[in-house]
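Worksheet: the structure to be examined is printed underneath.
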Amino acid sequence: MKNKSFLFSFLFLFLWQVSVAQQTILSDSNLPIMVISTDIDPQTNLPTEIPDEPKVLGSMQLIYRPDGTRNYLTDSTNELYLNYKGRIGIELRGSSSQALDKKPYGFTTLLQDGDSNNNVSLLGMPSENDWVLNSLAFDPSMIRDYLSYTLASNMGNYAPRVAYIEVIVNGDYKGVYFLTEKVKRDSDRVNLKKIADDDNDFPDITGGYIVKADKTTGGDEIAWTLPNYGGWDTNFLHHYPKTEDITSAQANYIENVFYDLAAQTNPANTSIVDGYPSMIDIPSFVDYMLMAEFASNPDSYQFSTYFHKDRGGKLRAGPVWDYNLSFGNDLFVFGFDRSFYDVWQFDFENRGAKFWRDLFEDSTFNCYLAKRWFELTEANNPLNYFTITNLMDGYVALLNESQQRELQRWPPEEGWPTVADQAQNIIEMKGWIQERIAWMGANIGSSSNCLDVPVPALVISKIHYNPLEDA
Numbered sequence: 402m403k404n405k406s407f408l409f410s411f412l413f414l415f416l417w418q419v420s421v422a423q424q425t426i427l428s429d430s431n432l433p434i435m436v437i438s439t440d441i442d443p444q445t446n447l448p449t450e451i452p453d454e455p456k457v458l459g460s461m462q463l464i465y466r467p468d469g470t471r472n473y474l475t476d477s478t479n480e481l482y483l484n485y486k487g488r489i490g491i492e493l494r495g496s497s498s499q500a501l502d503k504k505p506y507g508f509t510t511l512l513q514d515g516d517s518n519n520n521v522s523l524l525g526m527p528s529e530n531d532w533v534l535n536s537l538a539f540d541p542s543m544i545r546d547y548l549s550y551t552l553a554s555n556m557g558n559y560a561p562r563v564a565y566i567e568v569i570v571n572g573d574y575k576g577v578y579f580l581t582e583k584v585k586r587d588s589d590r591v592n593l594k595k596i597a598d599d600d601n602d603f604p605d606i607t608g609g610y611i612v613k614a615d616k617t618t619g620g621d622e623i624a625w626t627l628p629n630y631g632g633w634d635t636n637f638l639h640h641y642p643k644t645e646d647i648t649s650a651q652a653n654y655i656e657n658v659f660y661d662l663a664a665q666t667n668p669a670n671t672s673i674v675d676g677y678p679s680m681i682d683i684p685s686f687v688d689y690m691l692m693a694e695f696a697s698n699p700d701s702y703q704f705s706t707y708f709h710k711d712r713g714g715k716l717r718a719g720p721v722w723d724y725n726l727s728f729g730n731d732l733f734v735f736g737f738d739r740s741f742y743d744v745w746q747f748d749f750e751n752r753g754a755k756f757w758r759d760l761f762e763d764s765t766f767n768c769y770l771a772k773r774w775f776e777l778t779e780a781n782n783p784l785n786y787f788t789i790t791n792l793m794d795g796y797v798a799l800l801n802e803s804q805q806r807e808l809q810r811w812p813p814e815e816g817w818p819t820v821a822d823q824a825q826n827i828i829e830m831k832g833w834i835q836e837r838i839a840w841m842g843a844n845i846g847s848s849s850n851c852l853d854v855p856v857p858a859l860v861i862s863k864i865h866y867n868p869l870e871d872a
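Residue numbers (this note's numbering): 402 to 872.
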């Protein structure tokens, strides 16, 4: 009887492994391979399903040969080629992207106790514990977010670092993702002074903070609102400190920073003593606006729009986030079509707080905006057409192999975006970018009144306010 039971168990295990092998269409790749296995659910004896909160426990191996040679799934147990092998907590993330079968994930690297955070470097990115797996949702080109974060970084701002990978979850090949950094306060991300519960008086109360204009998902609470020119309100949310951690004095302070900004931009007060230049870091607002407008991103200003403020520092815009609906793309499957090359997004269907349009219409700010635009679009500079298309061609070449597996795993469905259209989408995207550059150059205004006035330089690749202090 025991032999029969053993034989049955062995046969079941063998058939299960064969089934998994048939589902898995990946054996090796030119991209790193991430293998995620959630813990077994004792009630079902199956891997735990990954929910949209809370995180569930699991293990992860990240297969990566740093010399650039191919990565093999069989190396998931080979310590020589494991960039990470350890515990994680993982959950679904995103909003509209969760409508798709291919889900985005957020995960935290953990110590073996399954509870303590484990700061590690993944694929050469600075050591941290909070990470995002971007599923390339609604983007047949597969490159819009990746390109946008790279361009923002090349402009001299911190933007989340990115790396394409292929992902397997519980034996199921999920396709091509890119690993990226979660926006958070960290010395190698948004580098701000840590604010404590007792930092409720000047100057300590002045920072650091991260806030965002966004929709409310996952139980997020609205901290305050500001009206826009469309007749509705833009929601602002606490990101750091979190809603449950921020004190009432701190919440009032950072809220008033935004109310004061709205007041000093309408009408525009350009005094360096008490006007908006005394309150905001102009270069960061200029670059954020140029990136949002260049991509014609319908989500900018009203959603996924971050701001941060260090202790004793001015309010800064950024980092960029959520650019899959840009460069002529949108949620077409839901009836949206907003990413046009010949509109200003701050004054189109996408309207954030009034201060964005007020800044654009102020002659001083607009002059800086135009000056920076014409610099960025010069030959070999980050927003030059040929600079960008060279990047795009490199991404497409990198994804050439994995795009075929992505298509095999997620075949076209009528009406939904598909990577089957990648080649044509890239052609259309290049044409759109060319038209966008020409239109913005003709409509952004003149920089003649501020040609001799330097726009302060930004710190390259890293927001670096407190280099000698512990973050």
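For glycine and all other residues, C-beta sits at the position ideal for the given N, C-alpha and C.
Note that the structure is a prediction, hence the values are computed from the model and not measured.
Checklist entry - Taking just the CA atoms, how far does PRO684 sit from GLY719? => result Stepping through the sequence shown from its first residue, residue 719 is reached at position 318. Stepping through the sequence shown from its first residue, residue 684 is reached at position 283. GLY719 and PRO684: Cα-Cα distance of roughly 11 Å.
Checklist entry - How would you label LEU523, buried or exposed, when you count the other beta carbons within 10 angstroms and need 16 or more for buried? => result Along the sequence shown, read from residue 1 onward, the residue named residue 523 stands at position 122. LEU523 should be labelled buried.
Next on the checklist: Can you find the residues in the same chain that come closer than 6 Å, C-beta to C-beta, to LEU432, ignoring five residues on each side of it along the sequence?
Outcome noted: The residue given as residue 432 occupies position 31 in the sequence shown. Result list for LEU432: TYR565, ILE566, GLU567, SER803, in chain order.
Item to check | SER764, buried or exposed, once every other Cβ within 10 Å from all chains shown has been counted against 16 | outcome: Translated into positions along the sequence shown, residue 764 becomes position 363. With fewer than 16 Cβ atoms within 10 Å of its Cβ, SER764 is classed as exposed.
Checklist entry - Who are the near neighbours of ASN404 in its chain, counting only those whose CB is closer than 7 Å to its CB and skipping five residues on each side? => result Translated into positions along the sequence shown, residue 404 becomes position 3. Reliability fails at ASN404, whose pLDDT of 45 lies under 50, so the model's placement of it is uncertain and the value that follows must be treated cautiously. Contacts found: none.
Checklist entry - Among LEU552, THR439, THR644, THR626, which one has its Cα closest to the Cα of ARG488? => result Mapped onto the sequence shown, residue 488 falls at position 87. When only C-alpha atoms are compared, the closest one is THR439.
Checklist entry - Distance, Cα to Cα, VAL658 vs MET680? => result Walking along the sequence shown from the start, residue 658 turns up at place 257. Walking along the sequence shown from the start, residue 680 turns up at place 279. The straight-line gap from Cα to Cα measures roughly 8 Å.
Checklist entry - Would a C-beta distance cut-off of 8 Å place GLY576 and LEU593 closer than the cut-off? => result Against the sequence shown, residue 576 aligns to sequence position 175. Against the sequence shown, residue 593 aligns to sequence position 192. No, they are not a contact pair.
Item to check | Spatial neighbours of PRO452 in its chain, beta-carbon cut-off 8 Å, leaving aside the 5 residues before and after | outcome: Translated into positions along the sequence shown, residue 452 becomes position 51. Contacts found: GLU492, LEU493.
Item to check | Closest Cα partner of SER740 within the set ARG590, SER847, PHE695, ASN519 | outcome: The count along the sequence shown starts at 1 and reaches residue 740 at position 339. Checked all of ARG590, SER847, PHE695, ASN519; the closest Cα to SER740 is PHE695.
Next on the checklist: Just list the residues that DSSP pairs VAL568 with in beta bridges.
Outcome noted: If you number the sequence shown from 1, residue 568 lands on position 167. DSSP output for VAL568 lists MET435, GLY576 as bridge partner(s).
Checklist entry - For THR778 versus LEU784, is the C-beta spacing smaller than 8 Å? => result By 1-based counting over the sequence shown, the position of residue 778 is 377. By 1-based counting over the sequence shown, the position of residue 784 is 383. In contact: THR778 and LEU784 (Cβ atoms closer than 8 Å).
Checklist entry - Which stretch, first to last residue, makes up the beta strand (DSSP E) that contains THR706? => result Translated into the one-based positions of the sequence shown, residue 706 becomes position 305. Residues 706-710.
Next on the checklist: To the nearest angstrom, how far is the alpha carbon of HIS639 from that of PHE756?
Outcome noted: As a position in the sequence shown, residue 639 is number 238, starting the count at 1. As a position in the sequence shown, residue 756 is number 355, starting the count at 1. Their backbone Cα atoms lie some 19 Å apart in a straight line.
Item to check | Cβ-based burial, VAL674 [other Cβ within 10 Å; buried from 16] | outcome: The count along the sequence shown starts at 1 and reaches residue 674 at position 273. Exposed, because fewer than 16 other Cβ atoms sit within 10 Å of the Cβ of VAL674.
Checklist entry - Using a Cβ-Cβ cut-off of 6 Å (strictly less than) and excluding sequence neighbours within five positions of GLU807, which residues of its own chain qualify? => result Counting from 1 along the sequence shown, the entry for residue 807 is found at position 406. Hits under 6 Å: GLY576, VAL577, VAL820.
Checklist entry - Which first and last residues belong to the beta strand (DSSP E) in which VAL533 is found? => result Within the sequence shown, residue 533 is the residue found at index 132, counting from 1. Where VAL533 is concerned, the enclosing beta strand (DSSP E) stretches over 531-535.
Checklist entry - Sorted by chain position, which residues of the same chain lie with C-beta nearer than 7 Å to GLY459's C-beta, five sequence neighbours on each side aside? => result Reading the sequence shown from its first residue, position 58 is the one you call residue 459. The answer, listed in chain order, is ILE437, SER438, THR439, ASP440, ILE489, ILE491.
Checklist entry - In the DSSP assignment, what are the bridge partners of ASN446? => result Locating residue 446 in the sequence shown gives position 45, counting from the first residue. Answer is none; ASN446 lacks a bridge partner.
Checklist entry - If you draw a straight line from the C-alpha of GLY714 to the C-alpha of ALA624, how long is it? => result Position 313 of the sequence shown, counting from 1, holds the residue named residue 714. Position 223 of the sequence shown, counting from 1, holds the residue named residue 624. Each residue's Cα considered, the two are about 21 Å apart.
Checklist entry - What separation, rounded to the nearest whole angstrom, lies between the Cα atoms of SER477 and SER549? => result Residue numbering aside, residue 477 sits at position 76 when the sequence shown is read from its first letter. Residue numbering aside, residue 549 sits at position 148 when the sequence shown is read from its first letter. Cα-Cα distance, rounded: 32 Å.
Next on the checklist: Taking the alpha helix (DSSP H) that ASN801 belongs to, which residues open and close that run?
Outcome noted: Looking up residue 801 in the sequence shown gives position 400. Start and end: 786-810.
Checklist entry - Can you tell me whether DSSP reads ASN555 as helix, strand or coil? => result Stepping through the sequence shown from its first residue, residue 555 is reached at position 154. Three-state DSSP puts ASN555 in a helix.
Item to check | Three-way DSSP call (helix, strand, coil) for VAL687 in this model | outcome: Position 286 of the sequence shown, counting from 1, holds the residue named residue 687. It is helical.
Next on the checklist: Can you tell me which residues form a DSSP beta bridge with SER430?
Outcome noted: The residue given as residue 430 occupies position 29 in the sequence shown. Per DSSP, ASN472.
Item to check | Backbone secondary structure at ARG590 - three-state DSSP | outcome: On the sequence shown, residue 590 is found 189 positions in, with the first residue counted as 1. ARG590: coil per DSSP, three-state reduction.
Checklist entry - Ends of the alpha helix (DSSP H) at THR509? => result On the sequence shown, position 108 is the one that residue 509 refers to. No alpha helix (DSSP H) holds THR509; the beta strand (DSSP E) holding it covers 506-511.
Checklist entry - Do the stretch 726-742 and the stretch 823-834 touch if we need at least three Cβ pairs shorter than 8 Å? => result yes
Checklist entry - Assuming ARG773 and ASP688 make a contact with CB atoms under 8 Å, what is their CB distance in whole Å? => result Here residue 773 corresponds to residue number 372 of the sequence shown, with the count starting at 1. Here residue 688 corresponds to residue number 287 of the sequence shown, with the count starting at 1. Correct: roughly 7 Å between the Cβ atoms.
Checklist entry - Is ASN657 helix, strand or coil by DSSP? => result For this step, residue 657 is matched to residue 256 along the sequence shown. Looking at ASN657 - three-state DSSP - the assignment turns out to be helix.
Item to check | ALA614 - DSSP class collapsed to helix/strand/coil | outcome: Sequence index remark: in the sequence shown, residue 614 carries index 213 (1-based). In this structure, ALA614 counts as strand in the three-state DSSP scheme.
Checklist entry - What separation, rounded to the nearest whole angstrom, lies between the Cα atoms of ASP853 and CYS768? => result As a first step, residue 853 is located in the sequence shown; it is residue number 452 there, counting from the start. As a first step, residue 768 is located in the sequence shown; it is residue number 367 there, counting from the start. Taking the straight line from one Cα to the other gives about 11 Å.
Next on the checklist: Tell me the rounded alpha-carbon separation between PHE737 and ALA693.
Outcome noted: Taking the first residue of the sequence shown as 1, we reach residue 737 at position 336. Taking the first residue of the sequence shown as 1, we reach residue 693 at position 292. Cα-Cα distance, rounded: 18 Å.
Next on the checklist: Can you tell me where the beta strand (DSSP E) holding ILE845 begins and where it ends?
Outcome noted: Numbered from 1 along the sequence shown, position 444 holds the residue referred to as residue 845. Looking at the DSSP string, ILE845 is not in any beta strand (DSSP E), and its letter there is neither H nor E.
Item to check | Helix, strand or coil at GLY627 [DSSP, three-state] | outcome: Within the sequence shown, numbered from 1, the residue matching residue 627 stands at position 226. Per the sequence shown, the amino acid found at residue 627 is Leu instead of Gly. Of the three classes helix, strand and coil, the one that applies to LEU627 here is strand, per DSSP.
Checklist entry - What are the boundary residues of the beta strand (DSSP E) that includes GLU492? => result Against the sequence shown, residue 492 aligns to sequence position 91. That run of the beta strand (DSSP E) goes 483-493.
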